[in-house]
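Let me begin by presenting the structure, written as structure tokens, before commenting on it.
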Amino acid sequence: MSAVPLVVCASNPARPRPPVLGGIAMFRLACTAAALTLALLGAAQAQPAVPEARAPAAEARAVDPAAVQALARMGAALRALPAFHVHAQSSTDAVLDTGQNVAVIHRTDLDVRRPDRARARIQGNGADKGMVYDGRHFTLYTAGAPGRPGYFSTLPAPPDLEALVDWLARDYGIEPPLADLVYWGRSPDDASQLVDAQALGVDRIGGQLCHHYAFRQPGVDWELWVQAGARPLPCRLVLTDPSMVSRPRHQVDYTWTLAPGFAPGAFTFRPEPGARALPLEGPTPSEPGAPQ
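With the first letter of the sequence shown counted as 1, position 58 gets the number 1302 in my numbering; the numbers rise by one all the way through.
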């Protein structure tokens, strides 16, 4: 088999994608690794784009400032963590030809040590894929399976996490897990597309009291639960696509470890035996979500 470039897809149009949040983190990495695997196996198939619903021009904004401020506090709390591990259990609806929603389950583990270390692993739906950043190099990989080798692509990378996130989005259309939540509030324009934001009270998720918020913007309805108390970290995120009749959803629950003990070499990529190195290519301008 000849070497095929790893092609990054910027978004998955079959999943709800909030424009303000640019894909809510894991969508693009999961899309990237899934497309990477399919392309390498010669089985990639084009998927028709699902048109986004647009909010009516005359729709009145009903934005509760307290709900928007809660997002800003959450982003600031995430940026203040010197190191963390988060386990994310997600369920994403895929829509069958019959119109039925069926759940696709993934497990994501993300390790971060500021200012310049990160590692993510996504498992589920028959795949094992991820990314590694060591302060100098960034690697995307997909693990091998019986009868199929693994593949990876390693690139020289910027010297810190914030620069890495900007570089990946600009040049490759990749958004690492949690990037949008972590960096919410950096720009005063973050809330400009919200047409509705509400505080809905307090729920208990996994034994943790969490404040519940609901948001709407063109193309997506979304809910966020944020831990009550001194550390307002996300507990649960739910996205709903209102443009499709079946209203498919993506839900992710987060479990946080704030004093992780990372093993030596935890942020060093070591390819598995037989893995093949391939070049990485970003989306072309004609692809949905491609940087222009």
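Ideal Cβ positions, reconstructed from N, Cα and C, are used throughout, including at glycine. In this text the structure is predicted, and so the values were computed from the model without any measurement.
- The C-beta separation of D1497 from R1480 comes to about 5 angstroms, placing the pair in contact by the 8 angstroms criterion.
- Segment contact: the segment 1414 to 1425 against the segment 1515 to 1527, three or more CB-CB distances shorter than 8 angstroms; contact assigned.
- Bridge pairing for N1369: absent [DSSP].
- As the crow flies, the alpha-carbon of A1472 is around 23 angstroms from that of L1438.
- Around the CB of T1501, fewer than 16 other CB atoms lie within 10 Å, so the residue is classed as exposed.
- Counting only the Cα atoms, T1352 lies some 24 angstroms from L1340.
- CA-CA distance, T1499 to P1476, rounds to 13 angstroms.
- In the three-state DSSP reduction, A1423 falls in the helix class (H, G or I).
- The alpha-carbon of S1436 is positioned some 34 angstroms away from that of P1400.
- Counting only runs of 3 or more residues that sit fully inside the segment 1470 to 1525, the beta strand (DSSP E) segments are 1478 to 1484, 1493 to 1501, in chain order.
- Rounded to the nearest whole angstrom, the C-alpha separation of A1320 and A1519 is 39 angstroms.
- If you compare the alpha carbons of Y1395, R1491, R1363 with that of A1423, the shortest gap goes to R1363.
- Judged by pairs of C-beta atoms under 8 angstroms, the segment 1326 to 1339 does not touch the segment 1308 to 1315, as fewer than three such pairs exist.
- If you draw a straight line from the Cα of V1356 to the Cα of D1337, it comes to about 28 angstroms.
- Note on T1512: under 16 other CB atoms within 10 angstroms of its CB, so exposed under the neighbour-count rule.
- DSSP, reduced to helix, strand and coil, places D1378 outside both helices and strands of the structure shown, so it counts as coil.
- Bounds of any alpha helix (DSSP H) do not take in R1460; it lies within the beta strand (DSSP E) bounded by 1452 to 1461.
- Here R1358 is not near A1316, since their CB atoms are 8 angstroms or more apart.
- Boundaries for G1445: no alpha helix (DSSP H) harbours it, while the beta strand (DSSP E) harbouring it runs 1440 to 1449, taken from the DSSP string.
- The C-beta of D1410 has fewer than 16 other C-beta atoms within 10 Å across all chains shown, which makes the residue exposed.
- Closest in C-alpha terms to A1324, from the list P1515, L1425, Q1442, G1509, comes L1425.
- Contact check for R1361 and G1374: beta-carbon distance about 14 angstroms, past the 8 angstroms limit, so the pair fails to qualify.
- Only residues of its own chain outside the window of five on either side were considered, and among them D1372, K1373, G1394, E1516 have a CB closer than 7 angstroms to the CB of A1387, listed in chain order.
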